[in-house]
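Chains as they are written, first to last, in our numbering: chain A, 70 to 187; chain B, 8 to 117.
C-beta atoms are modelled at their ideal positions from N, C-alpha and C, and glycine is treated no differently.
First up is the structure itself, then whatever we jot down about it.
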Amino acid sequence: GAVVSQHPSWVICKSGTSVKIECRSLDFQATTMFWYRQFPKQSLMLMATSNEGSKATYEQGVEKDKFLINHASLTLSTLTVTSAHPEDSSFYICSARPLAGEGTGELFFGEGSRLTVL
Amino acid sequence: GQSLEQPSEVTAVEGAIVQINCTYQTSGFYGLSWYQQHDGGAPTFLSYNGLDGLEETGRFSSFLSRSDSYGYLLLQELQMKDSASYFCALPTSGTYKYIFGTGTRLKVLA
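Laid out in structure tokens, this is it:
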């Protein structure tokens, strides 16, 4: 199946700093990627849709100035958590799907990035 | 908008059969998917129903009834490694922007 890679796997930062998380599709091109956030023992909450070459589309309640998304190429999307605070500590997961996967209902996920803000 | 409801927790013993239900609300239907997630890991795809009926993939099967806005995941011959969280998920449109259900934590006991 298609491979999506996410980096870093975990990161610890001080309150007030910014953290960048990368999501790469390794063996396919992805014009669209999705960013999710998951708190412990909760479901995956969709944050935003990352669109290659254009602005990201954010879900209601997600601060676009807080969570900056850049999708500069067909294989890379980045999520930057700006001025991070302890409440931003969470598991961030990206997903993508190759065009050939249409109709199969299958999304491919990165390994996830666990952010801890001190 | 869309929403999907699942039981929060299910417990079963090794070798048993367990069913995880999912009821949903959506304005447009584009299929129902199921994902498994082990603690600390990423979700992995299990099954997909685009039409009513049963889809079988090895020990896992998934059922859909669009008229009842209901689906379930059936896990047979349970193994300890099946202890994980299971999510049903709906695309919000014809794209692959998925909304996930509340999640069911399955505990398999020896």
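Within chain B, the residues that residue i reaches when beta carbons sit closer than 9 Å
i                      : result
residue 130 of chain A : Here the premise fails: no neighbours, minimum Cβ distance about 12 Å.
Range of the contiguous beta strand (DSSP E) that encloses residue i
i                      : result
residue 78 of chain B  : 77-82
residue 73 of chain B  : Careful: residue 73 of chain B lies outside any beta strand (DSSP E) and carries neither H nor E.
residue 76 of chain A  : 73-76
residue 117 of chain A : 114-120
residue 45 of chain B  : Segment: none, residue 45 of chain B is in no beta strand (DSSP E) and carries neither H nor E.
residue 60 of chain B  : 60-64
residue 148 of chain A : 145-150
residue 142 of chain A : 136-142
residue 15 of chain B  : Taken as a continuous stretch (DSSP letters only), residue 15 of chain B belongs to no beta strand (DSSP E), as it is neither H nor E.
residue 186 of chain A : 182-186
Reduced DSSP category for residue i - H, G, I as helix; E, B as strand; rest coil
i                      : result
residue 114 of chain B : strand
residue 155 of chain A : helix
residue 88 of chain B  : helix
residue 34 of chain B  : coil
residue 106 of chain A : strand
residue 96 of chain B  : strand
residue 97 of chain A  : coil
residue 23 of chain B  : coil
residue 84 of chain A  : coil
residue 175 of chain A : coil
residue 166 of chain A : coil
residue 125 of chain A : coil
residue 103 of chain B : coil
residue 51 of chain B  : strand
residue 89 of chain A  : strand
Pair within 8 Å by beta-carbon distance, residue i and residue j
i                      : j                      : result
residue 154 of chain A : residue 131 of chain A : no
residue 176 of chain A : residue 94 of chain B  : no
residue 74 of chain A  : residue 181 of chain A : no
residue 117 of chain A : residue 90 of chain A  : no
residue 109 of chain B : residue 11 of chain B  : yes
residue 9 of chain B   : residue 33 of chain B  : yes
residue 69 of chain B  : residue 57 of chain B  : no
residue 99 of chain A  : residue 143 of chain A : yes
residue 59 of chain B  : residue 71 of chain B  : yes
residue 66 of chain B  : residue 92 of chain B  : no
Partner residues on chain A for residue i, Cβ-Cβ distance less than 9 Å
i                      : result
residue 110 of chain B : 110, 111, 112, 113
residue 91 of chain B  : Result: empty, since nearest Cβ-Cβ is about 12 Å, beyond 9 Å.
Neighbour list for residue i in chain A, Cβ cutoff strictly below 7 Å
i                      : result
residue 104 of chain B : 103, 115, 118
residue 49 of chain B  : 162, 178, 179, 180, 181
residue 107 of chain B : 112, 113
residue 70 of chain B  : Going along chain A, no residue has its Cβ under 7 Å from residue 70 of chain B, so there is no contact; the nearest lies around 14 Å.
Test: residue i CB closer than 8 Å to a CB of chain E
i                      : result
residue 156 of chain A : Included in the structure are the protein chains A and B, with no chain E among them.
Under 8 Å from the C-beta of residue i: neighbouring residues of chain A
i                     : result
residue 94 of chain B : 112, 113
Residue i: contacting residues in chain B (beta-carbon distance under 8 Å)
i                      : result
residue 166 of chain A : 103
Are three or more beta carbon pairs between the region 84-92 of chain B and the region 75-94 of chain A nearer than 8 Å? They do not touch, by the three-pair rule.
Using 8 Å as the Cβ pair cut-off and three pairs as the minimum, do the region 28-48 of chain B and the region 122-134 of chain A touch? no
Contact between the region 86-106 of chain A and the region 13-25 of chain B: three or more CB pairs below 8 Å? The region 86-106 of chain A, when compared against the region 13-25 of chain B, does not touch it at the 8 Å Cβ threshold.
Are at least three pairs of beta-carbons, each pair with one atom in the region 156-166 of chain A and one in the region 104-119 of chain A, less than 8 Å apart? yes
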